[in-house]
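*Asks:* Taken in order, these protein sequences are the chains called F and R. Anchor point for the first sequence: position 91 equals 152 in the working numbering, and the numbering is continuous, going up by one each time. Anchor point for the second sequence: position 144 equals 176 in the working numbering, and the numbering is continuous, going up by one each time.
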Amino acid sequence: MASEVLLEVKDLHVHFPTPDGVVKAVDGLSFQVRRGETFGIVGESGSGKSVTCLTALGLTNLKTANVSGEILFKGRDLLKLGKEELRKVRGKELSMIFQDPFACLHPFYRVGDQIVEAIRCHESVSRQAARGRAIEVLGAVGIPNPPDRFKDYPHQYSGGMRQRAMIAMSLVHNPDLLIADEPTTALDVTVQAQILELIDRVKNDFDIGVILITHDLGVIADVAQNIMVMYAGRAMERGAKGDIFALPLHPYTWGLLDSIPHIDMKGSRLVPIEGAPPSLINVPNGCPFHPRCPHRFDPCDKDRPAFEDRGGGHPNACHLSAEDKKRIWAERQSRRTKAAV
Amino acid sequence: MVLHPVPTRGTAGDRIEGVFDMLQYIIRRAMWAIVMLILVLALVFAIFYVLPGGALHKSAGQKYPPLAYKLAGKHPTLPVVRAITKKLDLDKPIYVQFGTYVGHAFQGDLGYSYQTQEPVTKAILRRLPPTIGLAVGASVIWLLLGCGIGIISALRRRTLLDRGSMMAALAGLSIPTFFLGLVAVFFFDGRLGIYNTGAYVGLTSDPIGWFKVMWLPWLVLAIVSAAIYSRMVRGNMLDVASEDYIRTARAKGLTERSVVRHQLRSALTPVVTMYGLDLGILLGGAIVTEHIFNIPGIGAFSVDAITDENIPVILGTTLVAAFFIIAANLVVDVIYAALDPRVTYS
Numbered sequence: 062m063a064s065e066v067l068l069e070v071k072d073l074h075v076h077f078p079t080p081d082g083v084v085k086a087v088d089g090l091s092f093q094v095r096r097g098e099t100f101g102i103v104g105e106s107g108s109g110k111s112v113t114c115l116t117a118l119g120l121t122n123l124k125t126a127n128v129s130g131e132i133l134f135k136g137r138d139l140l141k142l143g144k145e146e147l148r149k150v151r152g153k154e155l156s157m158i159f160q161d162p163f164a165c166l167h168p169f170y171r172v173g174d175q176i177v178e179a180i181r182c183h184e185s186v187s188r189q190a191a192r193g194r195a196i197e198v199l200g201a202v203g204i205p206n207p208p209d210r211f212k213d214y215p216h217q218y219s220g221g222m223r224q225r226a227m228i229a230m231s232l233v234h235n236p237d238l239l240i241a242d243e244p245t246t247a248l249d250v251t252v253q254a255q256i257l258e259l260i261d262r263v264k265n266d267f268d269i270g271v272i273l274i275t276h277d278l279g280v281i282a283d284v285a286q287n288i289m290v291m292y293a294g295r296a297m298e299r300g301a302k303g304d305i306f307a308l309p310l311h312p313y314t315w316g317l318l319d320s321i322p323h324i325d326m327k328g329s330r331l332v333p334i335e336g337a338p339p340s341l342i343n344v345p346n347g348c349p350f351h352p353r354c355p356h357r358f359d360p361c362d363k364d365r366p367a368f369e370d371r372g373g374g375h376p377n378a379c380h381l382s383a384e385d386k387k388r389i390w391a392e393r394q395s396r397r398t399k400a401a402v
Numbered sequence: 033m034v035l036h037p038v039p040t041r042g043t044a045g046d047r048i049e050g051v052f053d054m055l056q057y058i059i060r061r062a063m064w065a066i067v068m069l070i071l072v073l074a075l076v077f078a079i080f081y082v083l084p085g086g087a088l089h090k091s092a093g094q095k096y097p098p099l100a101y102k103l104a105g106k107h108p109t110l111p112v113v114r115a116i117t118k119k120l121d122l123d124k125p126i127y128v129q130f131g132t133y134v135g136h137a138f139q140g141d142l143g144y145s146y147q148t149q150e151p152v153t154k155a156i157l158r159r160l161p162p163t164i165g166l167a168v169g170a171s172v173i174w175l176l177l178g179c180g181i182g183i184i185s186a187l188r189r190r191t192l193l194d195r196g197s198m199m200a201a202l203a204g205l206s207i208p209t210f211f212l213g214l215v216a217v218f219f220f221d222g223r224l225g226i227y228n229t230g231a232y233v234g235l236t237s238d239p240i241g242w243f244k245v246m247w248l249p250w251l252v253l254a255i256v257s258a259a260i261y262s263r264m265v266r267g268n269m270l271d272v273a274s275e276d277y278i279r280t281a282r283a284k285g286l287t288e289r290s291v292v293r294h295q296l297r298s299a300l301t302p303v304v305t306m307y308g309l310d311l312g313i314l315l316g317g318a319i320v321t322e323h324i325f326n327i328p329g330i331g332a333f334s335v336d337a338i339t340d341e342n343i344p345v346i347l348g349t350t351l352v353a354a355f356f357i358i359a360a361n362l363v364v365d366v367i368y369a370a371l372d373p374r375v376t377y378s
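(1) Any idea if H107(R) is buried or exposed, counting beta-carbon neighbours within 10 angstroms, 16 or more meaning buried?
(2) So, does the CB of K124(R) fall closer than 8 Å to a CB anywhere in chain F?
(3) Residues of chain R with CB closer than 9 Å to the CB of C182(F), please, in chain order.
(4) Check whether the region 137–146 of chain F touches the region 189–198 of chain F, counting contact only when three or more Cβ pairs, one atom from each stretch, lie closer than 8 Å.
(5) Once DSSP output is grouped into helix, strand and coil, what is the label at F159(F)?
(6) Which same chain residues end up closer than 8 Å to L270(R) when comparing Cβ atoms and leaving out the 5 residues on each side of it in sequence?
(7) Anything in chain F within Cβ reach of S298(R), meaning under 8 Å, just list it in chain order.
(8) Under 8 Å between C-beta atoms, does D161(F) make it to chain R?
(9) If distances are taken between C-alpha atoms only, which option among A254(F), Y218(F), L118(F), A307(F) comes closest to D138(F)?
(10) Quick one: list the residues of chain R neighbouring A301(F), beta-carbon separation under 9 Å, in chain order.
(11) Buried or exposed, going by whether 16 or more other CB atoms sit within 10 Å of the CB of H136(R)?
(12) For I305(F), collect the residues of the same chain with a Cβ closer than 6 Å to its Cβ; drop the 5 residues on either side in sequence, then sort them by chain order.
(13) Helix, strand or coil: how does DSSP classify A44(R) here?
(14) Under 8 Å Cβ-Cβ, which residues of chain R neighbour R151(F)?
(15) What would DSSP say about E98(F), mapped onto helix, strand or coil?
(16) Is the beta carbon of F358(F) less than 8 Å from the beta carbon of P312(F)?
(17) For the beta strand (DSSP E) containing H74(F), name the first residue and the last one.
(18) What residues from chain R crowd round S156(F), counting only those whose CB sits closer than 9 Å?
(19) In whole angstroms, what is the alpha-carbon distance linking M199(R) and K110(F)?
(20) Cβ of F220(R) within 8 Å of Cβ of I226(R)?
(21) Hey, is E150(R)'s beta-carbon within less than 8 Å of any beta-carbon in chain F?
(22) Mind the definition here: the region 116–135 of chain F touches the region 65–73 of chain F only if three or more C-beta pairs lie below 8 Å; say whether that holds.
(23) Going along the region 351–372 of chain R in order, which residues come within less than 7 Å of chain F, judged by CB to CB distance?
(24) The beta strand (DSSP E) that contains A241(F), what's its start and end?
(25) Whose CA, out of T314(F), I272(F), D364(F), H356(F), lies closest to the CA of G104(F)?
(26) Please tell me whether R223(R) has its Cβ less than 8 Å away from any Cβ of chain F.
(27) With a 10 Å radius around its C-beta and 16 neighbouring C-beta atoms as the bar for buried, classify R223(R) as buried or exposed.
(28) Answer yes or no: do V388(R) and G316(R) have a C-beta to C-beta separation smaller than 8 Å?
(29) In chain F, which residues lie with their C-beta within 7 Å of the C-beta of D276(R)?
(30) Can you confirm whether R279(R), when its beta carbon is compared against all beta carbons of chain F, has any partner nearer than 8 Å?
(31) What does the Cβ neighbour count give for H216(F), buried or exposed, with the cut at 16 atoms within 10 Å?
(32) Return the chain-ordered list of same chain residues with a C-beta closer than 7 Å to the C-beta of V363(R), the five sequence neighbours on each side being excluded.
(33) Does the distance from the C-beta atom of L155(F) to that of L238(F) stay below 8 Å?
(34) Please report whether the beta-carbon of R195(R) lies at a distance below 8 Å from any beta-carbon of chain F.
(35) Taking a contact to mean a Cβ-Cβ separation below 8 Å, would you say I260(F) touches P244(F) in this structure?
(36) Taking DSSP as the reference, what is the three-state secondary structure of A332(R)?
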């Protein structure tokens, strides 16, 4: 895949100084997203997924955050843009949809008017023309009878329809990159699948890049081409979806995979990851995952493992040797299958 | 490209149905309002006429109610007392007398003042304009002041301006109106001599004179509410600022000006409710302010009536006050439903 690199994040740090200490929400993160790909970012709550993307859009409060590194979007560093320049990028070239569609639309404005507003804040078109375009995109994302639904208020929409409306709103300017922050978490399972399918369809039809943020590897498995696993504001491993599902190289990913229920595994128990994610004020020394890691050994609590290709096929941040990882992953697999039988 | 169409709900004709719902709702509420007003009257009637110490409460051995003696003058004679009792139907059962009163009241006849023999309705109508002028003027001042300070404080959060305004607001709402009023009279009338207390003139007869006499009571009456409103508006603005839909507004690239407009739309809607109710309460008479500044309004009238045990006036002013509060509630609910599309009439 050699299509255009849309977004390139280089050594991003987002720190929030608080009276209790510095919250290291994102700590040295690098990745890139290309046109035509869906890039999945996986991690638990508080692993820095959302903060990374909000920072790209300039929606983190820069008064309270210390941000360093680079976020190159089509070659321009978003962190160096002025407020007004950044506003012109937001919603036009780079748009974002959020987790809770129930809360994301203004309850007092008609859905259609909110889309019209999104159109007219970047383009001087007549209200009438904007209205026509809004109805068109509402139809394109599967809202039935869009001329009527245009006039409805958000509370007259179901959760799935609101997320569709959000997607419609994010597409009005044919953006290059769509960031979807847990777009299906608040929805019913059946609706989740529809929304994921819609995002995938939109990606192909509009030829854009998508960043899909989720805590659910199952969601990623369906639609993403590349995956990055995050923990405590850092990348744990990153690679093509097939590689990561075939041979994950980080104990944290193993834990995530073990906690997904699977239909073949009838009768086996899900294995949770012991413990809780660390406080981002006191991130453990060395590897941030080591207190919860069943395979930790000597260097884990002292040296922070560099994020690099360690001979397993894709970059990761774990001190175990590639051979050990293959062995342990194979053992885990067989144990799990055995338990199922 | 249409994916998974979602079933539609009918929206045709909803609007006409909405108007019908609203009328039905208003009629239902108005009927309840009448019941409420009768209950209020019954309560006041019972307190001043029926309960022990009341004007119709005969103690043991008394043949005629105390009211008849009172109305008979300084040296009541039995024939006069008897005649008064007969003339005013004071010997009829209480419920009959109350029924007669309510019947007359709904025809606009609130009886006669014991002191001046003037029809109470007429007296109240004469005192309504000063009260309305006071209430509307003060409420406009506190609304502008409160919303202005609240919005600016929220937008300039944690700045010196914000902290200073909020401190002033705290001080403003801590000062009781009776104290503030007296201090104001002391300074502006006594020391500075730029205000003339008690020189009330009507708006229609002398607009400039009216303004000259009203500006100080307006300010005095507005200070406390302005303080409360500014704190409320600031709080609402900050609450709304962290809503997801405000983040959406930014994410879609709206200018900061438009984002603030989105914020105001949510933050100011509850202010409408509060304003309506406060204005309704005030239209029933601003007792302390009217008294201090000698404004001949409903509030001052009712205080005098209570001191004089002028029961028809007490009943009349109470009825007017209750009417305004109930009406304000209804108006506010109808307006709120128009402002918040999520609210339906049911």
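The beta-carbon is built from N, C-alpha and C at its ideal position, and this holds for glycine as well. Small disclaimer: the values here were computed from a predicted structure and weren't measured.
*Replies:* Quick answer:
(1) Exposed, since its Cβ has fewer than 16 Cβ neighbours within 10 Å.
(2) At a cut-off of 8 Å between beta-carbon atoms, K124(R) makes no contact with chain F.
(3) The contacting residues are K284, G285, L286, T287, S290.
(4) Short answer: they don't touch.
(5) Coil at F159(F), not helix or strand.
(6) These residues qualify, in order along the chain: A186, R189.
(7) Residues of chain F whose Cβ lies closer than 8 Å to the Cβ of S298(R) are, in chain order, H167, P168, F169.
(8) Among the residues facing chain R, D161(F) is included, as its CB has a counterpart in that chain under 8 Å away.
(9) Of A254(F), Y218(F), L118(F), A307(F), the residue nearest in Cα terms is L118(F).
(10) Neighbours of A301(F) in chain R, taken as residues whose beta carbon is under 9 Å from its own, are absent, since the nearest beta carbon is some 27 Å off.
(11) Exposed, by the Cβ-count rule.
(12) Excluding positions up to five away in sequence, the list reads I288.
(13) Residue confidence is low: A44(R) scores 44 on pLDDT, short of 50, so the model does not pin down where it sits. No coordinate-derived value is stated.
(14) Here the neighbours are R282, A283, K284, G285.
(15) In the structure shown, E98(F) sits in coil (DSSP, three-state: anything other than H, G, I, E or B).
(16) Taking 8 Å as the Cβ cut-off, F358(F) and P312(F) do not qualify as a contacting pair.
(17) Run containing H74(F): 66–79, per the beta strand (DSSP E) assignment.
(18) Correct list: A283, K284, G285.
(19) Put simply, the backbone Cα of M199(R) is about 40 Å away from that of K110(F).
(20) A contact, by the Cβ cut-off of 8 Å.
(21) At a cut-off of 8 Å between beta-carbon atoms, E150(R) makes no contact with chain F.
(22) Proximity of the region 116–135 of chain F to the region 65–73 of chain F meets the contact definition, three or more beta-carbon pairs being nearer than 8 Å.
(23) Residues of the region 351–372 of chain R that bring their beta carbon within less than 7 Å of a beta carbon in chain F comprise D372, in sequence order.
(24) Bounds of the beta strand (DSSP E) holding A241(F) are 238–242.
(25) With distances taken between CA atoms, G104(F) lies nearest to T314(F) out of T314(F), I272(F), D364(F), H356(F).
(26) Taking Cβ atoms only, chain F never reaches closer than 8 Å to R223(R), which makes this a no.
(27) By the 10 Å Cβ count, R223(R) comes out exposed.
(28) In this structure chain R extends from 33 to 378, so residue 388(R) is not present and cannot be described.
(29) Within chain F, F159, D161, A164, C165 have C-beta atoms less than 7 Å from the C-beta of D276(R), given in sequence order.
(30) At least one chain F Cβ lies under 8 Å of R279(R).
(31) By the Cβ neighbour-count rule, H216(F) is exposed, with fewer than 16 other Cβ atoms within 10 Å of its own.
(32) Here the set comprises G308.
(33) Cβ distance < 8 Å, so L155(F) and L238(F) count as in contact.
(34) Answer no: the Cβ-Cβ gap between R195(R) and chain F never drops below 8 Å.
(35) A distance below 8 Å separates the beta carbons of I260(F) and P244(F).
(36) A332(R): helix per DSSP, three-state reduction.
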